[in-house]
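Sequences listed follow chains A, B and C, in order.
Using my numbering, the first residue of the first sequence is number 380, and each one after it goes up by one.
Using my numbering, the first residue of the second sequence is number 163, and each one after it goes up by one.
Using my numbering, the first residue of the third sequence is number 1063, and each one after it goes up by one.
Beta carbons are placed, not taken as given, at the ideal position from N, Cα and C, and that holds for glycine.
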Amino acid sequence: MRLVFCLLGLLCLTPLAGCGGNRGGDASGQKRTTLVYGRGGDADILDPVLTSSGETVKVLVNVFDTLVAYDDETLEIAPSLAERWETSDDGLTWTFHLRPQVTFHDGSPLNAEAIQFNFARLLKKGFGYRAHYAPIASVTVQDELTVVFQLKYASPVFLNNLAMFPASICSPQAVRQDEAAFGFHPVGTGPFKFQSWTPKQKLVLEANTEYWRGPPGVDRVIFLPIDESAIRVKQLERGEIHIADNLPPSELDVLATRPGIVLQSLPGMNVGYLAMQNEKPPLNNKKVRQAIWFAINKRRLCEVTYSGHARPAFTLVPPTVFAHHTGLQDRPYDIERAKKLLAEAAREDGFALPLKMQLFAMQQPRPYMQQPRQTALVIRDSLEKIGIDLTITTIDLRQYWQRLSRGEHELALAGWTSDNNDPDNFLYALLDPDNINDQGGNNLSRYNNAKVHRRLIAAQREIDPAVRKRLYFEAQEIIFDDAPVVPLVHTDQRVALRAEVQGYKIHPSTLVRLRLARFQKKSP
Amino acid sequence: MTRYLIRRLGHAVATVAAALLLVFLAVRVLPNNPVLARYGQHATPGKVAEEMQRHGWDAPLATQAWRFVKGLLTQGDLGESFVLNPGESVASILSRTLPATIELTLAAMVLAVPLGVSAGIVSAVWRNRWPDLICMSAALVGVSVPVFFLGICMLSIFSNMPTGLRIPATLDYEFHTGFYLLEALLRGRFDIFAIAVRQICLPAAALATIPMAVIARITRGAMLEVLSADYIRTARAKGASAWRVVFRHALPNAAVPIVNIAGFQLGLLLSGAVLTETVFSWPGLGREMVNAVKSSDYAIVQGGALVVAAVFVLINLVLDILYVVLDPRIRLS
Amino acid sequence: MTAQKPSAGGARARKRFCRSAKSWMGLALVGLMLGAALAADWVTPYKANQTSTAAAGEEHLANHRRPSRRHWLGTDANDYDVLTRVIYGSRLSLLAGGVSILLAVSVGAPAGIAAGYFGGVVDAAIMRTIDIVLAFPSILIAFLVLTAFHNGWTPVILAVGLINIPIFARQVRAAIMTVRDLEYVQAARASGASSGYLMWRVLAPAAVTPVIVLATLGLGSAVIEVAGLSFLGIGGNAGDAEWGAMLNEAKDHLNTSLWPAIGPGAAISLTVLGFNLLGDSLRDALDIRLDAR
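Below, the structure written as structure tokens:
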């Protein structure tokens, strides 16, 4: 019996022996400025080539640079690692001149070979985004600071795609050393150096004082993943975090009234829409889809569910993006017309009313769909009035897309935020037959129209903006009539931050670039 | 005694082994493809097959089971995360989340046991008088309010208390283990300890209500039973003071059911912690498991379930041993 | 043969039950919730759609209205009347809790009787299985069940039923063990009665009262478990008026308004309190000792 007690006692004492002595870890001299960024989720893998998570991208854009980048405030493409560039008349040869004396965080130099290495890796391993770089035929090193891209065909979005995060320039030395570890210890040329990451707890970036655009405004950035939006709000109020994103609209309105907190808002480059599985009867009948469109009260959706911080959508291309079709007139909220259309369709196809259908909704809010559950409820109540009874199923985001791409749904909430500020990124990705497949295809409505397909493909290779615009307008008109999806809302991009944080502006591209953020000097 | 211990230990090991088998199978009948879940809106068919093969998820069940058991026994390998944190080993995920959960449950027990036992004693001593009425009504309400609703209320009422983090993000202090409270205490950093305590206060208090209420009720029952026994009456007759009777004579004899229920509640807290961690955004194993189940991260579900089952069985084992220690009569049976 | 239980005892129990304030409070609370569930269609202030109601007209669009005469508990993020949804919510919550306990009893009780009656290998097999099930925190088992089935209420009921089976099996087995060697059972056995007859007619009645008490208490915990799972967003159908799901919705808008959380939270607490009061007083009245575990 005694023995048992002795053993228990020993067990309790072992930790003592383990960590005696080592005392004190914080020998910080002067006060360093730390910006804490609170968000809803954590990064998955910090490798630009292997990730597709928006939360990861928020970190990557602060650690890496790209050849070209969006201007600090607008969507203009500006020089970044490439000081300047030339393009041949046929648009097939692009020559980039690199900025001299740029070094990676590990001290290795940025040169043409590094660019070549990165694009070779992107084209070989790039996961979801490889298709964006498909036009690239070869990348050749001309001299130490000059690199030449040869394209298979001219692409109007080539430069925009080079500004996207998958084309981030990683340190070849670090990648070669241990490629598997790179995703947990990224090395780039950006304004912040990666310091440490405890998944689901915190991710720390250190200022890169030798950054080629000058040192950033704060000494350190901490990204905190806090699942519950209500807790992020409280933390912001208490000053435990300085910036909080992905908050519900009504909570942001409450925060706006609090002292010491300011809100920033921009029209988002996004669309939230209702995907209808066009292959499943009765949704294969255009009239049914149009009836659903007529029945949804978008005004109520914008004013109540989104607290007035969204605009009704009638095409997938957001108003801020090139070739948004301004000439289209949205179908009004009209229950009677919806009922009539549905009754006609019922006669044609011989189905009985009321219809029973499934509506899938994602569990986690997304920037383009901030209130998924509430949106689903509004749609259910709307459709109930015209004789369609919906069962709402909410699904975790990480399973959501796979089930939708398999076409398991009848109706589903979906959405998209632009990667590169181009209509192709909305129309081709979301409605082209090329993107119907069981394993991650994004044409979730399985809309298959050859006329649309022809125009989208032509536009992909068309350099003349006027011709492109016409092609996209025509495509949008056909899509509007076919109604494969019901565009619901374009949501405002909003973020709440402490008033003492200065210099940070949300960017229309939704990229979170913290280089210019700094703390207001306390007035004496 | 030794034979009893060996038998009990064998029983525990067998249970864990059976649990392992059960989890392994359960996790594999889940109908979702984890690779697709991982790549979300950007997956391609060829890559999916390649990934499945790389992780060995396309092998027959038996082969997978053999690999898993072999890895587990030879290198303590529980596989690696697939969806939530691709590439991170499950062992490392457990080592950062399990301490958070253990600390939370222990903190809850530290609150629940003394308060619950005192409330129970008070109720028993003043049986059917107002202290009893108050304590027992409170206990009844305590077991009736779900922890997630209580948590929401506490978040709103104590909105000045820090939540969501184990230590403030900007605190520059390096911990060597996942047990922040314990480590700060052992290293003599009482300032850090105080900061960590402030952070754990709300979730621990929310989690503590149910065990506190249950312990109070059981203590009251056990004390009442003992207080009516002959030897207590004898002690009283001999002129022992009322409090001496309660603490010296009655309480030790009521200890068996109290320890029993406290230990059992400790196990149950692992369930309660899932909800509490979700409400308070506490970075523990429970929340990790919820996310893993939702996103079909097989490896985490499997490893987490295994560890939780092992902890559960261990608690019961210790409990049974304590039982024998406290109540020698059981040894005979 | 069942005359073994003197009817005088029953009368005494009834008297004890009626004299306790606890039991009346419990009955009142449970009655209130049951009444709400049955009469939801008549008592709710808004009733356009079955479970959710667009409360205000098109001209005054808003969300999270404060409590007022029109909306006693305010409205939620979608401007649904919270009180209406709470009242409708009692249907799903009580039904799901009730069915899952029914399920647990109908599997757990026979298992317990079989284990107690046959003993030996059967007993060992049943009890070891239960040990393994009990080696997991219940929520984990529920997770595994729910992931296999995706959404819907049926899997929630199945999961909650499943985690309650061991409780009933253990208690019934214990009850059977106490009477197994009593005279009246021996006598029945000696008279050559079949196993089935012995189990269902002779032994089972001994387990009836503990099962009733346990089921009453279990209903309370089942209501919490169902709500807990839908609170976590696992299982159930979103948008159905159910207390846990409503709390889940409310927790994202806590700083805007607390009312959408208070309504369903109070409803769960009161229901569970009702079942606990009722179960406690039944236990005291019937003088049953339950295994604390």
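Chain C residues whose Cβ lies nearer than 9 Å to that of A/I605
Here residue 605 of chain A corresponds to residue number 226 of the first sequence, with the count starting at 1. Here the premise fails: no neighbours, minimum Cβ distance about 13 Å.
According to DSSP, is B/W288 part of a helix, a strand, or is it coil?
Against the second sequence, residue 288 of chain B aligns to sequence position 126. B/W288: coil per DSSP, three-state reduction.
Need the endpoints of the beta strand (DSSP E) that A/Y747 sits in, please.
Along the first sequence, one-based indexing puts residue 747 of chain A at 368. A/Y747 -> no beta strand (DSSP E), and no H or E assigned at all.
Kindly indicate if chain B contains any beta-carbon less than 8 Å away from that of A/K884.
Counted from its first residue, the first sequence places residue 884 of chain A at position 505. For A/K884, the nearest beta carbon of chain B is not closer than 8 Å to its own beta carbon.
8 Å Cβ cutoff, C/A1148 in contact with chain B
Within the third sequence, the letter at position 86 stands for residue 1148 of chain C. Ala is not the amino acid found at residue 1148 of chain C; the sequence shown has Val there. No - not a single Cβ of chain B is within 8 Å of the one on C/V1148.
May I ask which residues mark the beginning and end of the beta strand (DSSP E) holding A/P661?
Numbered from 1 along the first sequence, position 282 holds the residue referred to as residue 661 of chain A. A/P661 -> no beta strand (DSSP E), and no H or E assigned at all.
For the beta strand (DSSP E) that A/T519 lies in, which residues bound it at each end?
By 1-based counting over the first sequence, the position of residue 519 of chain A is 140. From DSSP, the beta strand (DSSP E) with A/T519 extends over I515 to D522.
Per-residue DSSP class, three states only, for A/H476:
As a working mapping, residue 476 of chain A is identified with position 97 in the first sequence. If DSSP states are grouped into helix, strand and coil, A/H476 belongs with the strands.
Output yes or no for whether 8 Å exceeds the beta carbon distance between A/L890 and A/G596.
In the first sequence, the residue the question calls residue 890 of chain A occupies position 511. In the first sequence, the residue the question calls residue 596 of chain A occupies position 217. Going by C-beta atoms, A/L890 is not nearer than 8 Å to A/G596.
Rounded straight-line distance, which links the Cα of A/P514 to that of A/S534:
By one-based count along the first sequence, residue 534 of chain A stands at place 155. By one-based count along the first sequence, residue 514 of chain A stands at place 135. Cα-Cα distance, rounded: 7 Å.
What is the DSSP secondary structure of C/A1117, counted as helix, strand or coil?
In the third sequence, counting from the first residue as 1, residue 1117 of chain C sits at position 55. In this predicted model, C/A1117 has a pLDDT of only 47, less than 50, meaning its place in the structure is not dependable enough to derive any value.
Against chain A, with Cβ distances strictly below 8 Å, would B/S257 count as a contact?
Taking the second sequence and counting its residues from 1, the one referred to as residue 257 of chain B is at position 95. By the rule that beta-carbons nearer than 8 Å mark a contact, B/S257 does not touch chain A.
Give me, in chain order, the residues of the same chain whose beta-carbon lies closer than 7 Å to that of A/P866; leave out the 5 immediate sequence neighbours on both sides.
Along the first sequence, one-based indexing puts residue 866 of chain A at 487. Answer for A/P866: V650, Y652, A692, F693, T694 and L695, listed in chain order.
I believe C/V1169 touches C/G1336 by the beta-carbon criterion, under 8 Å. Please report the beta-carbon distance rounded to the nearest angstrom.
On the third sequence, residue 1169 of chain C is found 107 positions in, with the first residue counted as 1. On the third sequence, residue 1336 of chain C is found 274 positions in, with the first residue counted as 1. Not really, about 26 Å apart at Cβ, beyond 8 Å.
Check the DSSP bridge columns for A/M655 and list the partner residues they point to.
The residue labelled residue 655 of chain A in the question sits at position 276 within the first sequence. Looking at the DSSP assignment, A/M655 forms a beta bridge with A/L790.
Whose C-beta lies closer than 6 Å to the C-beta of B/A375 among residues of the same chain, with five residues either side of it excluded?
Here residue 375 of chain B refers to the residue found at position 213 when the second sequence is read from its first residue. A301, G304 and V305, listed in sequence order.
Helix, strand or coil: which one does DSSP assign to C/G1214?
As a working note, residue 1214 of chain C is residue 152 in the third sequence. Three-state DSSP puts C/G1214 in a strand.
Report yes or no: is there a C-beta of chain A within less than 8 Å of the C-beta of B/L317?
Start at 1 with the first residue of the second sequence, and residue 317 of chain B comes out as number 155. For B/L317, the answer is yes, since a Cβ of chain A falls inside 8 Å of its Cβ.
Is B/L215 buried or exposed, if buried means 16 or more other CB atoms sit within 10 Å of its CB?
Reading the second sequence from its first residue, position 53 is the one you call residue 215 of chain B. Here residue 215 of chain B is Gln; the residue named in the question, Leu, does not match the sequence. Counting Cβ neighbours within 10 Å, B/Q215 comes out exposed, since fewer than 16 surround it.
Any beta-carbon of chain B closer than 8 Å to the one on A/G408?
Counting from one through the first sequence, the residue named residue 408 of chain A turns up at place 29. Unreliable placement is indicated for A/G408, whose pLDDT of 46 sits below 50; the coordinate value is still reported in the next sentence. Answer no: the Cβ-Cβ gap between A/G408 and chain B never drops below 8 Å.
Would you call the stretch 411-427 of chain A and the stretch 618-629 of chain A touching, i.e. three or more CB-CB distances under 8 Å?
yes
Report buried or exposed for A/T430, applying the criterion of at least 16 other Cβ atoms within 10 angstroms of its Cβ.
Residue 430 of chain A sits at position 51 when you count from the first residue of the first sequence. Buried, by the Cβ-count rule.
Along the chain, where does the alpha helix (DSSP H) containing A/Q556 start, and where does it finish?
Position 177 of the first sequence holds residue 556 of chain A. It spans P551 to Q556 - the alpha helix (DSSP H) in which A/Q556 sits, taken as one unbroken run.
How far does the beta strand (DSSP E) with A/H869 in it extend, from its first residue to its last?
Along the first sequence, read from residue 1 onward, the residue named residue 869 of chain A stands at position 490. It spans V864 to R877 - the beta strand (DSSP E) in which A/H869 sits, taken as one unbroken run.
Residue range of the alpha helix (DSSP H) that A/E630 falls in?
Numbered from its first residue, the first sequence carries residue 630 of chain A at position 251. Counting along the chain, the alpha helix (DSSP H) containing A/E630 begins and ends at P628 to A635.
Show which residues of chain C have a CB atom less than 7 Å away from the CB atom of A/I836.
Taking the first sequence and counting its residues from 1, the one referred to as residue 836 of chain A is at position 457. Neighbours of A/I836 on chain C: none; closest Cβ ~37 Å, over 7 Å.
Along the stretch 559-575 of chain A, what residues have a CB closer than 8 Å to any CB found in chain B?
A559, G562 and F563
Can you tell me which of the three DSSP states A/P691 falls into?
Within the first sequence, the letter at position 312 stands for residue 691 of chain A. In this structure, A/P691 counts as strand in the three-state DSSP scheme.
Neighbouring residues, chain A, relative to B/T325 (Cβ below 7 Å):
Here residue 325 of chain B refers to the residue found at position 163 of the second sequence. Chain-order list of chain A residues neighbouring B/T325: I610 and K613, by C-beta distance under 7 Å.
C/A1255 - DSSP class collapsed to helix/strand/coil
Translated into the one-based positions of the third sequence, residue 1255 of chain C becomes position 193. Correct three-state label for C/A1255: coil.
Please go through the same chain and pick out, in chain order, the residues whose beta-carbon is closer than 6 Å to the beta-carbon of B/A281, but skip the five residues on each side of it.
In the second sequence, residue 281 of chain B corresponds to position 119, counting from 1. The residues C297 and A378, in chain order, have a CB closer than 6 Å to that of B/A281 in the same chain once the five nearest residues on each side in sequence are set aside.
Under the three-state DSSP convention, the category B/G448 falls into:
In the second sequence, the residue the question calls residue 448 of chain B occupies position 286. Three-state result, B/G448: helix.
Should A/A560 go down as buried or exposed, given a rule of 16 or more other Cβ atoms within 10 Å for buried?
Sequence index remark: in the first sequence, residue 560 of chain A carries index 181 (1-based). Classification for A/A560: exposed.
Around the C-beta of A/E727, are 16 or more other C-beta atoms found within 10 angstroms, so that it is buried, or is it exposed?
Here residue 727 of chain A corresponds to residue number 348 of the first sequence, with the count starting at 1. It counts as exposed.
Give a yes or no on whether 8 Å exceeds the smallest Cβ distance from C/N1299 to chain B.
Within the third sequence, numbered from 1, the residue matching residue 1299 of chain C stands at position 237. By this cut-off, C/N1299 is not an interface position.
I want to verify the contact list: residues of chain A whose CB lies under 8 Å from the CB of B/G249, in sequence order.
Within the second sequence, numbered from 1, the residue matching residue 249 of chain B stands at position 87. Within chain A, the residues near B/G249 are I424, A559, G562 and F563.
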